[in-house]
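Shown next, in structure tokens, is the structure this report addresses.
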Ligand SMILES: *Cc1c(COP(=O)(O)O)cnc(C)c1O
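Here it is in structure tokens:
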């Protein structure tokens, strides 16, 4: 495996960054998770745009422009001879001193690209669906650390993941500070009720996922009524179908929430049809390499 760090490729054993990098010391940095299918990177420019927006928001200078970054990603895929991959693109604040002041990181940011295979959940769960729980840790407040920033500071989500695991559950529903359903630890959430598709709006504790946007686009084209609307736990419990979306997880059905069986305990018809249409889309669209 060859890993890209600041313009050079390193073997896995030698792919290292400084212990003074503020990405390590403070989680000071931003990232993207991207997938490629059949030598095509899905929604690459959308991911690069979001990375630059995250960086702009935290005043992090990305040392490459968008075009150069796109090239670095496709080059990493080519060097690793990967036709289907999960790509982790990381930009950290870089090497500084032990204080938190980013102005001391004078060497500039560190750009890391890792391309590998990843299966987030076992195949069985994609067929049978997940059992998930609501957890006590609420999603970061937008006025504290806006969830639109895909930041390396991921403890908020990790705490929720730990709480889910403590309950013997694979995934967690995180609520926002008002108690509405925000999202899961690294995935957006959708419910289906009477043929309508609902997902929380991006304004509170919800990251605007690129997979989420793809599902909304597919649904609109298929003339399924979609609503970006606040959702309560009650509405999840009484839904006909529920599923999660994210680049790593792709689309995974949910069949149990806080002990309540959803849709008779089987992945729903609309969910399965959206999974199929999403597969067609990822097979068709993307940046070739
Ligand atoms: C990345 C991420 C998602 C999913 O976004 P995609 O663009 O679909 O991969 C959802 N929630 C959180 C917290 C994330 O970090």
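Residue numbers (the working numbering): 635 to 923.
No residue lacks a Cβ here, since even glycine has one placed at the ideal position from N, Cα and C.
Enumerate in chain order the residues of its own chain whose CB-to-CB distance from residue 706 is below 8 angstroms, with the five nearest sequence positions on each side excluded. Along the chain shown, read from residue 1 onward, the residue named residue 706 stands at position 72. The answer, listed in chain order, is 638, 641, 698, 745 and 747.
Can you confirm whether the stretch 811 to 820 touches the stretch 855 to 863 when touching is taken to mean that 3 or more C-beta pairs between the two stretches lie within less than 8 angstroms? Under the 8 angstroms Cβ criterion, the stretch 855 to 863 does not count as touching the stretch 811 to 820, having fewer than three qualifying pairs.
Coil, strand or helix - residue 863 by DSSP: By 1-based counting over the chain shown, the position of residue 863 is 229. Coil, per DSSP.
Taking the beta strand (DSSP E) that residue 906 belongs to, which residues open and close that run? Here the question's residue 906 lines up with position 272 in the chain shown. DSSP places residue 906 in no beta strand (DSSP E) but in the uninterrupted alpha helix (DSSP H) bounded by 903 to 918.
Could you tell me if residue 795 is buried or exposed, where buried requires 16 or more neighbouring beta carbons within 10 angstroms of its beta carbon? Taking the chain shown and counting its residues from 1, the one referred to as residue 795 is at position 161. Under this definition residue 795 is a buried residue.
Which residues mark the beginning and the end of the beta strand (DSSP E) in which residue 706 is found? Your numbering for residue 706 matches position 72 in the chain shown. Run containing residue 706: none in the beta strand (DSSP E); it sits in the alpha helix (DSSP H), 700 to 713.
Is the Cβ-Cβ distance between residue 749 and residue 721 less than 8 angstroms? Here residue 749 corresponds to residue number 115 of the chain shown, with the count starting at 1. Here residue 721 corresponds to residue number 87 of the chain shown, with the count starting at 1. Taking 8 angstroms as the Cβ cut-off, residue 749 and residue 721 qualify as a contacting pair.
Whole angstroms is fine: what's the gap from residue 647's alpha carbon to residue 656's? By one-based count along the chain shown, residue 647 stands at place 13. By one-based count along the chain shown, residue 656 stands at place 22. Taking the straight line joining both Cα atoms gives about 21 angstroms.
Is residue 695 helix, strand or coil when you go by DSSP? The residue labelled residue 695 in the question sits at position 61 within the chain shown. Note: residue 695 maps to coil in three-state DSSP.
So does residue 722 have its beta carbon nearer than 7 angstroms to some heavy atom of ligand 3? Annotation note on ligand 3: not contained in the displayed structure, which lists ligand 1 as its ligands.
Quick check on the DSSP output: the alpha helix (DSSP H) that includes residue 671 runs from which residue to which? Within the chain shown, residue 671 is the residue found at index 37, counting from 1. Taken as a continuous stretch (DSSP letters only), residue 671 belongs to no alpha helix (DSSP H), being part of the beta strand (DSSP E) at 663 to 671.
If residue 678 and residue 704 are in contact, beta carbons under 8 angstroms, what's the gap, nearest whole angstrom? Counted from its first residue, the chain shown places residue 678 at position 44. Counted from its first residue, the chain shown places residue 704 at position 70. Rounded, the Cβ-Cβ distance is 6 angstroms, consistent with contact.
Could you check whether residue 875 and residue 835 sit closer than 8 angstroms to each other, using their CB atoms as the reference points? Here residue 835 refers to the residue found at position 201 when the chain shown is read from its first residue. Here residue 875 refers to the residue found at position 241 when the chain shown is read from its first residue. Contact flag unset, no.
Can you tell me which of the three DSSP states residue 783 falls into? Here residue 783 refers to the residue found at position 149 when the chain shown is read from its first residue. Coil, per DSSP.
Count the other CB atoms within 10 Å of the CB of residue 739; is the residue buried (16 or more) or exposed (fewer)? Numbered from its first residue, the chain shown carries residue 739 at position 105. With 16 or more Cβ atoms within 10 Å of its Cβ, residue 739 is classed as buried.
Please classify residue 910 as buried or exposed, where buried requires at least 16 other C-beta atoms within 10 Å of its C-beta. Taking the chain shown and counting its residues from 1, one reaches residue 910 at position 276. So residue 910 ends up on the exposed side.
If you measure from the CB of residue 761, is any heavy atom of ligand 1 nearer than 7 angstroms? Taking the chain shown and counting its residues from 1, the one referred to as residue 761 is at position 127. No.
Can you give me the start and stop residues for the alpha helix (DSSP H) that residue 660 sits inside? Residue 660 sits at position 26 when you count from the first residue of the chain shown. Taken as a continuous stretch (DSSP letters only), the alpha helix (DSSP H) holding residue 660 covers 656 to 660.
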